[in-house]
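Visitor: In this note's numbering, the protein residues as written are 137 to 487.
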């Protein structure tokens, strides 16, 4: 994940949900699939080597895996992948080519599990530090949207944030939407405290477990199954599983491109305690936060969460809302308050 010098930490994030149909089992039976779980349309029954072939197209590899009754988590050389019964989450950083995985993923789900109907799809990322270093497809959101529109007839693309500053891009489908309660929180942090980032270089602690404990990461979601990895000479990744919930953290500690991402789908009513733990641990100079929620999400409307949260030492520069048919998305941009005084707080209108 990490090079000595510049590394593009901001990830590309893909999430696909499939909807099983009455035809799923007959499709598998006709193709001679005898695995009992696969007949039920279970992505978790797909062999690891078949996921690895798809990841080769993205230019990353599996480092390790953990699983519980609900989910399989794969720690990757460039971020993470999570497999549930009918959902995949693939998150990759650096110069990976994430969108090249979509066609093969759709084919794999159909061939192995009889899953042929995409219930919903989400693709998102923040602005890159050096977009010209990306492969051609990923150098601009416009090119990414063109690629996605060729695959899906009913896509919708959004851009949140500032044209001349930090921004966040998002693509989804105008489908029926996911019926079960669903919410996803992301905190994308930059300008990290150099003293905090020292922990994510090799040689600072005896092993990666000590890093996870010493930095407070182990206490973010108590009871979670943790899979963590410290890259040489620097960089850190971890996946956590807690029932059918996950959280994942990826860290690029170099001063010139410091970046930390935190993501979770844990279904809580209030995120205040968790977000404050994350900010206290990493001390970012600035961060973007997004919350994506559907109608059944315990957190309620995503905008309410932002209105209730106040972060000591930070000011909100931007706040934007996207209201879709079945989901709502709120975006916030926050900056650390200078000890010499605060800058004017700017609130953008809803989008």
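Heads up, the beta-carbon is just placed ideally off N, CA and C, and yes, glycines get one too.
Remember, predicted model here, so these are calculated numbers, not experimental data.
With DSSP run on the structure shown, which of helix, strand or coil describes residue 184?
Guide: Correct three-state label for residue 184: helix.
Visitor: Taking all protein chains shown into account, do 16 or more other C-beta atoms lie within 10 angstroms of the C-beta of residue 343, making it buried, or fewer, making it exposed?
Guide: Exposed.
Visitor: Residue range of the beta strand (DSSP E) that residue 195 falls in?
Guide: No beta strand (DSSP E) contains residue 195, which DSSP labels as neither H nor E.
Visitor: Residues bridged to residue 350 by DSSP?
Guide: DSSP output for residue 350 lists no bridge partner at all.
Visitor: Quick check on this structure: which residue in 308, 410, 316, 368 has the alpha carbon closest to the alpha carbon of residue 353?
Guide: The residue with the shortest Cα to Cα distance from residue 353 is 410.
Visitor: Whole angstroms is fine: what's the gap from residue 266's alpha carbon to residue 143's?
Guide: One C-alpha to the other measures close to 9 Å.
Visitor: With residue 322 as the anchor, note down where its beta strand (DSSP E) starts and where it stops.
Guide: Element bounds for residue 322: 319-328.
Visitor: Does DSSP put residue 207 in a helix, a strand or coil?
Guide: Three-state DSSP puts residue 207 in coil, outside helix and strand.
Visitor: Excluding sequence positions up to five away, which residues of its chain have a Cβ less than 7 Å from the Cβ of residue 405?
Guide: Contacts found: 434, 435.
Visitor: Taking DSSP's pairing of strands, which residues face residue 227 in a bridge?
Guide: Paired residues: 149, 216.
Visitor: Taking buried to mean at least 16 other C-beta atoms within 10 Å of its own C-beta, is residue 184 buried or exposed?
Guide: Result: exposed.
Visitor: Would residue 148 be called buried (16 or more neighbouring beta carbons within 10 Å of its own) or exposed?
Guide: The residue is buried, with at least 16 neighbouring Cβ atoms inside 10 Å.
Visitor: Only counting the same chain, and skipping five residues up and downstream in sequence, which positions put a Cβ closer than 6 Å to that of residue 215?
Guide: Excluding sequence neighbours, residue 215 sits near 147, 227, 228, 229, 386.
Visitor: Which residues bound the beta strand (DSSP E) around residue 397?
Guide: Start and end: 395-400.
Visitor: Evaluate the contact criterion for the stretch 448-467 versus the stretch 407-427: three or more CB pairs, one atom per stretch, below 8 Å.
Guide: Enough Cβ pairs lie closer than 8 Å, so yes.
Visitor: In terms of residues, what are the limits of the beta strand (DSSP E) holding residue 237?
Guide: Residue 237 -> no beta strand (DSSP E), and no H or E assigned at all.
Visitor: Cβ of residue 357 within 9 Å of Cβ of residue 202?
Guide: It is not a contact, given that the beta carbons lie outside the stated cut-off.
Visitor: For the structure I just gave you, are there three or more beta carbon pairs, one from the stretch 369-387 and one from the stretch 246-264, closer than 8 Å?
Guide: These segments do not touch.
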